[in-house]
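To start, the structure under review is shown below, and the notes come after it.
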Amino acid sequence: MIGQIHYYSIIVIELFVSYSVVVVESMDKLSTNQLPPPYKSYCRFPNHCPDLKYTGIRISQEELRQQFYKCQSDNIERWQITVDHYFTESREFCCFVRTVLSCEQPLLALCNNTYSELNNEDTERLFGKSCNEFLCGDQSETDSNSEMIETGLKICAGIILVVVIGGALYFGYKKVNEWYK
1 MIGQIHYYSI IVIELFVSYS VVVVESMDKL STNQLPPPYK SYCRFPNHCP DLKYTGIRIS
61 QEELRQQFYK CQSDNIERWQ ITVDHYFTES REFCCFVRTV LSCEQPLLAL CNNTYSELNN
121 EDTERLFGKS CNEFLCGDQS ETDSNSEMIE TGLKICAGII LVVVIGGALY FGYKKVNEWY
181 K
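Using the UniProt record's numbering, read the sequence shown as starting at 1 and increasing by one per residue.
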């Protein structure tokens, strides 16, 4: 346990120091309102985009950088992330991590595919096991349960309707046969 605490302390210190350097270097370049504190090793946009020239896409490194940080700030708002959420096994933080990864990966792959892969591996290593229990779609777990209940009720209503129509046809047929006898 003490070894794990020491290991996590080193990661947090390393992330904080590298975050401080990146922010000081690029504060003038960023137009984003919110930047998350460093929560993984590859949480910033790379300084160079060697793979961008091979993509054939007409987008500048600065435009990619802005989209990358917009992805992060949009998801901070979406999941209502505060400093208290960081490094917790909460639905909000885990869903934030997953949705940020899904929108930043294509941007990073355009810029630097190696960095993109390292970002993906690092995120999975740090948060994969602890965040597997949370559903993170646009719906919450209660919404999913509500949809399952609604679907079940529709199926039951359909079965009841078929039985009622079948019964009405059977008794109607029986009544008509009695009348003609």
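Even glycine gets a Cβ: it sits at the ideal position worked out from N, Cα and C.
- In the same chain as P50, and ignoring 5 residues on each side of it, the C-beta atoms closer than 7 Å to its own belong to N112, in chain order.
- Taking the C-beta atoms as reference points, V100 is found no nearer than 8 Å to Q67.
- Per DSSP, P106 is one residue of the alpha helix (DSSP H) stretching across R91 to C111.
- By the criterion of at least three beta-carbon pairs nearer than 8 Å, the stretch 126 to 138 is in contact with the stretch 89 to 104.
- Taking T55 as the centre and dropping the five residues before and after it, the same chain places the C-beta of L110 closer than 6 Å to its C-beta, in chain order.
- Three or more pairs of CB atoms, one per stretch, sit closer than 8 Å, so the stretch 125 to 133 contacts the stretch 89 to 96.
- Annotation for L118: Y42 place their beta carbon closer than 6 Å to its own, counting only its chain and skipping 5 residues before and after.
- In the three-state DSSP reduction, G172 falls in the helix class (H, G or I).
- Annotated three-state conformation of C156 is helix, per DSSP.
- With contacts defined as CB atoms closer than 8 Å, L35 and Y69 qualify as a contacting pair.
- Put simply, of P37, G172, V162 and Y170 the residue whose alpha carbon is nearest the alpha carbon of D84 is P37.
- By the CB criterion at 8 Å, F45 and R65 fall inside the cutoff.
- Per DSSP, Q80 lies in no alpha helix (DSSP H) and is assigned neither H nor E.
- DSSP, read as helix, strand or coil, puts G137 in coil.
- Between F127 and C94, the gap from beta carbon to beta carbon is short of 8 Å.
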